[in-house]
Amino acid sequence: MARKFFVAGNWKMNTNRKSACALADGIVHKLDEALVGKADAVEVGLCPPFVYLSDVARLVTNGRAKAWLGAQDLYTQDNGAFTGEISAAMLKDVGVHFVLCGHSERRHVIGEGDDLINAKVKKALAEGLRVILCIGETLDQRKANQTLEVNRRQVQAGLAGVGAGQLANLVIAYEPVWAIGTGVTASPAQAQEVHAQVRKLLADLYSRAAAEAMQIQYGGSVKPDNAAELMGQPDIDGALVGGASLKVEDFVAIIAAAARVA
Ligand code: 13P
């Protein structure tokens, strides 16, 4: 069965209550037009900041779920003395369907390591949340020819202890750090090369069927004018979008690009 595209917007630490609601509302209202009959082939997700999840939940899940609601992170424990952290149960309580784990800003700005990210992946999956595991090399690592090695390590470490039966709820996002928020996009060929390597690694770790079924998103300066070419690559199954997901027109145009390619 053909893989669906998954286009998710990561709003990061942007918006306020009013603009978050306006953004979600604007996107939801333009979805049918953007998807032009491809609603079964393209999934859409929105990841607002934690404090606006409830507001956005009301807008995206009014009647039938038009878009999946995502959180940008979670903590590994159920409850207790973990000041500032948010549990999987809390996320589910406000209507969250999926969660990002290991985003490059969590890895490189906040300092999360592979073990913590792996614990978050396992916790989210155990709680029935869908997970987008983010991986990607820095510019120095790419220049030092470590791209494959870094992405392999992040996949292996991120998925340690994750069983084949849990993979249906897992998505991988390849986000080269040097392409995030820089306006520099990996070329479609550069992105495709890493996506194919990641899929091969998944086949080695699990099975060919599991690898073929896995959605692998590309992230890093995805814009309306490069989205179709990126998603036209055989192993690129959608996009994790930062900056361009903050403008209704741009995000909807990226969704429409996915619908055209689908
Ligand atoms: P930009 O699209 O702003 O480069 O961000 C990508 C990203 O980090 C999405 O998670």
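Per our numbering, the very first residue in the sequence shown carries number 48; after that it's consecutive.
Yeah, the Cβ is synthetic: ideal placement off N, Cα and C, and Gly gets one too.
Under the Cβ criterion (8 Å, minimum of three pairs), the region 244 to 261 counts as touching the region 207 to 222. Counting only runs of 3 or more residues that sit fully inside the region 164 to 202, the beta strand (DSSP E) segments are 177 to 182, in chain order. At a Cβ-Cβ threshold of 8 Å, L186 and V209 do not count as neighbours. Proximity to R189 across F145, R246, Q237, V54 peaks at Q237, based on C-alpha coordinates. Taking C-beta atoms as the reference points, L176 and V146 count as a pair closer than 8 Å. D272 sits exposed, since fewer than 16 C-beta atoms from the chains shown fall within 10 Å of its C-beta.
Between V269 and V308, the alpha-carbon positions lie close to 15 Å from each other. Annotation for R154: no residue places its beta carbon closer than 6 Å to its own, counting only its chain and skipping 5 residues before and after.
If the five residues before and after K51 are omitted, its C-beta is found closer than 6 Å to the C-beta atoms of A88, E90, all from its own chain and listed in chain order. The beta-carbon distance between E184 and N165, rounded to whole angstroms, is 18 Å. This is too long to meet the 8 Å contact definition. If the five residues before and after Q244 are omitted, its C-beta is found closer than 6 Å to the C-beta atoms of L195, all from its own chain and listed in chain order. Here the distance from the Cβ of A291 to the nearest heavy atom of ligand 1 is below 7 Å.
Contact between the region 282 to 291 and the region 49 to 66 is established, with three or more Cβ pairs separated by less than 8 Å. At a threshold of 7 Å, V288 counts as near ligand 1, since its beta carbon sits closer than that to one of the ligand's heavy atoms.
A55 has G92, L287 as its beta-bridge partners, per DSSP. Contact check for L82 and A306: beta-carbon distance about 5 Å, within the 8 Å limit, so the pair qualifies. A291 is a Cβ neighbour of I301, given a cutoff of 8 Å. In the DSSP assignment, F298 falls within the unbroken alpha helix (DSSP H) covering 295 to 308. The beta carbon of K77 sits closer than 7 Å to the beta carbons of V295, V299 from its chain, once the five residues preceding and following it are set aside; these are given in chain order. Ranked by how close their Cα comes to the Cα of V241, the residues V75, P223, A257, V143 have P223 in first place.
The shortest CA-to-CA distance from C181 to any of V168, A104, E174 is the one to V168. Here K170 is buried, its C-beta having at least 16 other C-beta atoms within 10 Å. For the beta strand (DSSP E) assignment, the uninterrupted runs of no fewer than 3 residues enclosed by the region 202 to 239 are, from N- to C-terminal side, 217 to 221. Placement of the Cβ of V146 at a distance of 7 Å or more from every heavy atom of ligand 1 is found.
Ranked by how close their Cα comes to the Cα of D251, the residues N126, Q124, Q203, L70 have Q203 in first place.
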